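Working notes, structure below.
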Amino acid sequence: MKDNKTLRIGLIGYGLMGRAHANAYKRVGDFFPELRYRPRLEAICGRNQSRVNAFAEQWGVESFETDWNALVARDDIDAIDICTPNDMHAEIALAAAAAGKMVLCEKPLARTVAEAQPMVEAVEKAGVKNTVWYNYRRVPAVTLAKQIVDSGKLGKIFHFRSNFLQDWTINPELPQGGEGLWRLDHQVAGSGVTGDLLAHCIDAAMWLNGGIKDVSAVTATFVKERTHQLTGDVQKVGIDDACIFHCHFDNGSLGLFEATRYARGHKALFTFEINGEHASIRWDLHDMTRLEYFDHDDQSVVRGWRSIHVSDSDQPYMDRWWIPGTSIGYEHTFVHQVADFLKSLETGEPCSPTFADALETQKVCEAVLRSSESKSWEDTGVTW
Ligand SMILES: NC(=O)c1ccc[n+]([C@@H]2O[C@H](COP(=O)([O-])OP(=O)(O)OC[C@H]3O[C@@H](n4cnc5c(N)ncnc54)[C@H](O)[C@@H]3O)[C@@H](O)[C@H]2O)c1
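Here you go:
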């Protein structure tokens, strides 16, 4: 690292996540001033020279590359941040680890377990810091949920249920593939809602409630053919448009999960609910600063669901922001993840979820897709 303090980042891909991460690198030092390390967005990479140059100018990034290999080879880069579509994650991560760079990778870790496994081996062999951007763990209300579960307040857990609902692919005229639509292209995305949306639910579920042992799933592809945006050819749609699965967790509780891009009216309705012996909690991305909590130990006359506005300075991350009663949003989850990554450089602890953690999520995604094919229960092979 440059002066033993500056973590020089090379960011690949400047779309939705590229912007979210670039923002986080800029803000984190101002709000977490005690951290020994400060990130510096040294260079960004995209394939189109004029567009990547325009992004660099707009965001005040000093240099850019149009070939990610050139970025990975640079001596003035300490960490590679992968914000490209899913088909590029493995290749870039392997090269970055081989070059001794730290790697921050967007989710899902890869398209398949077979692709993800060598990524874990590579970062472990190279001994480089790594993390995967399952950023919802760092929504203060979700982190608070984790603290409540870990405190044992819920008692024995019986149920975990989670949804991630969208509606943006209902139109059968929507093409697949290419810019903005790579999520519909099986070759690039690896899967549909399972790897894109359920991966978030599964990461949160295992973090909060432990390993998922086995799964039984159904998937559907409602629109069977779409025109490919790049070639103009009408091609079979290979992704899952919707997926529902149920499962057993290692702790004996039952899980129920659903994701779809065909739930008219829902844009990004990520929810989870956990029901325990003594208490329950639930959370909803559309109302992300609130955590709902029901405690059966409350006096019966006032017993009911509480809606906790997670904005007090003794609640997770909130001492860094404004004053109690005011809210933060989506972009702050990325700032929190960068802060935790920088902290992990000081402590030597891993910054979860690591590549190894994300591989476990990948195993569940793959078991889900396998189960929908085999029409039977499938073991996940997860070791949480
Ligand atoms: N953590 C989250 O909540 C979250 C949200 C959205 C996306 N994601 C993940 O982030 C990744 C990127 O998604 P996005 O929505 O930002 O996509 P996007 O389409 O908005 O951006 C992708 C970027 O990658 C660039 N790119 C593609 N191929 C490249 C190559 N060979 N070399 C250099 N750049 C290349 C594109 O030009 C574009 O700038 C995906 O893996 C996705 O699953 C995560």
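Residues -9 to 374 in our numbering are what the sequence shown lists, from first letter to last.
C-beta: ideal position from N, C-alpha, C; glycine also.
Keep in mind the model is a prediction, meaning the values are calculated, not measured.
Taking 7 Å as the cut-off, is the CB of residue i close to at least one heavy atom of ligand 1?
i	result
G3	yes
M380	Only positions -9 to 374 of the chain appear in the structure, and residue 380 is not among them; the question remains open.
G36	yes
W49	no
C191	no
E32	no
W58	yes
W123	yes
G294	no
G170	yes
G319	no
G0	no
P314	no
T74	yes
D186	yes
G182	no
G8	yes
Whole angstroms are fine: how far does the CA of residue j sit from the CA of residue i?
i	j	result
N120	R41	28 Å
D240	E350	13 Å
N59	A85	8 Å
G315	D277	14 Å
A116	G90	6 Å
T36	G0	It is worth fixing the name first, because residue 36 is Gly in this sequence and not Thr. Answer to the nearest angstrom: the Cα atoms are 11 Å apart.
S270	C355	26 Å
G19	G3	23 Å
V118	D68	10 Å
K365	A207	7 Å
L275	E47	33 Å
S301	V292	23 Å
M(-9)	A10	23 Å
P(-3)	Y126	For clarity, residue -3 is Leu in the given sequence; the question names Pro instead. Near 24 Å, if we compare the C-alpha coordinates of Y126 and L(-3).
L246	V205	10 Å
G294	E368	38 Å
A135	T221	46 Å
F235	G168	29 Å
N161	R251	11 Å
H326	F22	9 Å
W374	W197	9 Å
R173	S362	20 Å
G142	D(-7)	44 Å
Only counting the same chain, and skipping five residues up and downstream in sequence, which positions put a Cβ closer than 8 Å to that of residue i?
i	result
M7	C73, E96 and W123
L259	N153, F154, L155, Q156, A253, D274, L275 and H276
Which same chain residues, not among the five before or five after residue i, have their C-beta less than 7 Å away from its C-beta?
i	result
P165	L171, R216, T217, H218 and Q219
L99	H79, A106, M109, V122, F345, A348, L349 and Q352
V328	A14, Y15, V18 and P29
E55	A33, C35 and L61
V51	L31, A33 and I34
T102	G180 and E356
Is residue i near residue j, with beta carbons less than 8 Å apart?
i	j	result
E321	N13	yes
A249	F154	yes
I202	T370	yes
D285	H268	yes
Q156	H256	yes
Q177	D77	yes
T261	S152	yes
A375	A195	The requested residue 375 is not part of the displayed model; the chain covers only -9 to 374.
L94	F324	no
P343	D140	no
So, for residue i: in the same chain, excluding its five sequence neighbours on each side, which residues have a beta-carbon less than 6 Å away from its beta-carbon?
i	result
I318	W311
E263	R151 and R272
N265	F148 and H149
W49	A12
D71	I(-1), L1, H11 and L94
State yes or no: is the C-beta of residue i nearer than 7 Å to some heavy atom of ligand 3?
i	result
K97	As far as ligands go, the structure on display features ligand 1 and does not contain ligand 3.
(message) I want to know whether the segment 121 to 136 touches the segment 299 to 312 - three or more CB-CB distances under 8 Å.
(response) yes
(request) Please determine if the segment 169 to 186 and the segment 332 to 339 are in contact, where contact requires at least 3 C-beta pairs separated by less than 8 Å. (result) no
(request) Pair every Cβ in the segment 185 to 196 with every Cβ in the segment 351 to 367, then say whether three or more of these pairs are closer than 8 Å. (result) Taking 8 Å as the limit for Cβ pairs, the verdict is that the segment 351 to 367 does touch the segment 185 to 196.
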